[in-house]
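Peer 1:
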């Protein structure tokens, strides 16, 4: 038998250092399930923090991880169960070299373990992509058509509802 690859400790460390999230750690000691708080930069979500879960398949890195928001959010790309419409993590877009966080390491291969993929994948990292999606709701990435229609046709109403929903459901933002 052979051990199934898991996300590397380096990936977890990169995610912990990234400013877009806090409290990133394996859940219940399971290195295939990470949790943490995502910190959006833009209104209407930047007044709160959103708990996320990142689940890595047994075939990682050949299959994409799945991001789920555990904090309810009023967003066209996130359904009521917290599933996210994230094209990066679909099989057609996924690259096995994509990391949970795309580190700005510079220095090319320095510090690279032999046999480990290069840290310069063509796709943005999963958590960074998720945060970008929260910061810039796209009515083309739709899991909630009514919310997407509201965003397109009545943006002020969408923003008001999203702000209220954030106030009621999001966790307090941690101190910097």
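Residue numbers (the numbering used here): 262 to 437.
Just so it is clear, CB atoms sit at the ideal spot from N, CA and C, and this is done for glycine as well.
Of the choices 311, 328, 295 and 285, whose alpha-carbon is the least far from that of residue 431?
Peer 2: 311
Peer 1: Count the other CB atoms, across all protein chains shown, that sit within 10 Å of the CB of residue 394; report buried if there are 16 or more and exposed otherwise.
Peer 2: buried
Peer 1: Do the region 278-291 and the region 399-413 touch if we need at least three Cβ pairs shorter than 8 Å?
Peer 2: no
Peer 1: What span of residues does the beta strand (DSSP E) with residue 409 cover, start to end?
Peer 2: From DSSP, residue 409 is part of no beta strand (DSSP E) but of the alpha helix (DSSP H) over 406-414.
Peer 1: Please name the residue, chosen from 299, 328 and 294, that lies closest to residue 319 on a Cα-to-Cα basis.
Peer 2: 294
Peer 1: Between which two residues does the beta strand (DSSP E) harbouring residue 337 extend?
Peer 2: No beta strand (DSSP E) contains residue 337, which DSSP labels as neither H nor E.
Peer 1: Taking only three categories from DSSP, how would you classify residue 285?
Peer 2: The answer is strand: DSSP assigns residue 285 an E or B state.
Peer 1: Give me, in chain order, the residues of the same chain whose beta-carbon lies closer than 7 Å to that of residue 396; leave out the 5 immediate sequence neighbours on both sides.
Peer 2: 301, 302 and 303
Peer 1: Just curious, the beta strand (DSSP E) that residue 314 is in, first and last residue?
Peer 2: Looking at the DSSP string, the run of the beta strand (DSSP E) that includes residue 314 is 311-316.
Peer 1: Which of helix, strand or coil does DSSP assign to residue 344?
Peer 2: DSSP places residue 344 in strand when its eight states are reduced to three.
Peer 1: What does the alpha-carbon distance come out to for the pair residue 274 and residue 401?
Peer 2: 33 Å
Peer 1: Quick one, are the C-beta atoms of residue 276 and residue 388 less than 8 Å apart?
Peer 2: yes
Peer 1: Taking C-alpha atoms, which residue in 270, 334, 392 and 279 lies nearest to residue 458?
Peer 2: Any answer about residue 458 is impossible in this case: the structure gives the chain only from 262 up to 437.
Peer 1: By the three-class DSSP mapping on this structure, what secondary structure does residue 267 have?
Peer 2: coil
Peer 1: As a quick exercise: from 433, 314 and 341, pick the residue whose alpha carbon is nearest that of residue 291.
Peer 2: 314
Peer 1: Since residue 291 sits in a beta bridge, which residues does DSSP pair it with?
Peer 2: 288
Peer 1: With distances taken from CA atoms, which of 306, 288, 271 and 287 is nearest residue 425?
Peer 2: When only C-alpha atoms are compared, the closest one is 306.
Peer 1: What does the alpha-carbon distance come out to for the pair residue 323 and residue 344?
Peer 2: Going by the C-alpha atoms only, they are around 21 Å apart.
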